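Taken in order, the sequence shown gives residues 12 to 117; the numbers are from the working numbering. Ideal Cβ placement from N, Cα and C applies to all residues, glycine included. Fair warning: this is a prediction, and the values are worked out from it, not measured in the lab. Here is the structure we will look at, set down as structure tokens.
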Amino acid sequence: MLQTVMALPEEFDVLVVDDNSPDGTADLVKAAQATHPRIHLLENGKKNGLGGAYIAGFKWCLEKEYDYIFEMDCDFSHNPKDLIRLHAELLSGKCDLVVGSRYVGL
12 MLQTVMALPE EFDVLVVDDN SPDGTADLVK AAQATHPRIH LLENGKKNGL GGAYIAGFKW
72 CLEKEYDYIF EMDCDFSHNP KDLIRLHAEL LSGKCDLVVG SRYVGL
């Protein structure tokens, strides 16, 4: 996921929220940060669940005053290339919120 987003023609920052995962996620993200300064890591010291991870990530982004927040799971259930379309819709000024769904074939 990180490599795909970093390779997009538009620049996006990426925040990975690691919910105390035992699979080495934090180590992989730290290694990627060495070559991609737009990758950020938020490590939770304990399991807060998926909802808790979302909330922690949204709070982090709001504190950093990002103009837009896109949420994607890292299992490729979301296509990272859709970030470009979602971002373009927001920049068009015709909307305040864009929702993508894999269940709607648009």
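Item, Value
"Measure the beta-carbon distance from L13 to I50 and round it to whole angstroms, keeping in mind my assumption that it falls under 8 Å.", "6 Å"
"Alpha helix (DSSP H) containing D38: first to last residue?", "T36 to Q44"
"Should P33 be labelled buried (16 or more other beta-carbon atoms within 10 Å of its own) or exposed?", "exposed"
"Do V110 and E100 come within 8 Å of each other at the CB atom, strictly closer than that value?", "no"
"So L26 is in the beta strand (DSSP E); what residue range does that whole segment cover?", "V25 to D29"
"Got a sec, what are the start and stop residues for the beta strand (DSSP E) E54 sits in?", "I50 to E54"
"Give every residue of the same chain whose Cβ lies closer than 8 Å to the Cβ of E91, excluding the five residues on either side of it in the sequence, and list them in chain order.", "The sequence given here has Pro at residue 91, not Glu. Cβ neighbours of P91 beyond the five flanking positions: M12, T15, V16, L19 and M83."
"Count the other CB atoms within 10 Å of the CB of L61; is the residue buried (16 or more) or exposed (fewer)?", "exposed"
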